[in-house]
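The next block holds one structure in the form of structure tokens; read it before the comments.
In full-length UniProt numbering, the protein residues as written are 1 to 125.
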């Protein structure tokens, strides 16, 4: 990744106890994502690709257009924040992936989403 196409992705996950049913192996998490254009070229988020893995090693792959029904356009220095969710079968898991971004000139590049942990409270130290 060069400095002109520098997208920073930060994630904050939350356990949603009210929608989770451990006896049924259903653990629901929300996560807030902040996408910041730290480069010097505007870019539009076109697609998303997620790998969601539980502690049994079961991986869900999710691909789709945009995020939460939007394809945000980020000028240099701008950020976009959204909240979404995931369900896994274990109390601990991970998420990681990438966003495909497109510049005004039509060039595409991937913005990596660093791995983050989904964990119910008091499970990990």
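Note that the Cβ used here is the ideal one computed from N, Cα and C, for glycine as well.
query                                                                                                                     : result
Would you check if there are 3 or more beta carbon pairs closer than 8 Å linking the segment 42-49 to the segment 92-107? : yes
Please identify the residue among 36, 57, 13 whose C-alpha is closest to the C-alpha of residue 6.                        : 36
What does the alpha-carbon distance come out to for the pair residue 85 and residue 38?                                   : 25 Å
Starting from residue 94 and walking both ways along the beta strand (DSSP E), at which residues does that stretch end?   : 92-103
Taking 6 Å as the cut-off, does the CB of residue 89 come closer than this to any heavy atom belonging to the ligand HEM? : Of the ligands one can find in the structure shown there are none, so the ligand HEM has no counterpart to examine.
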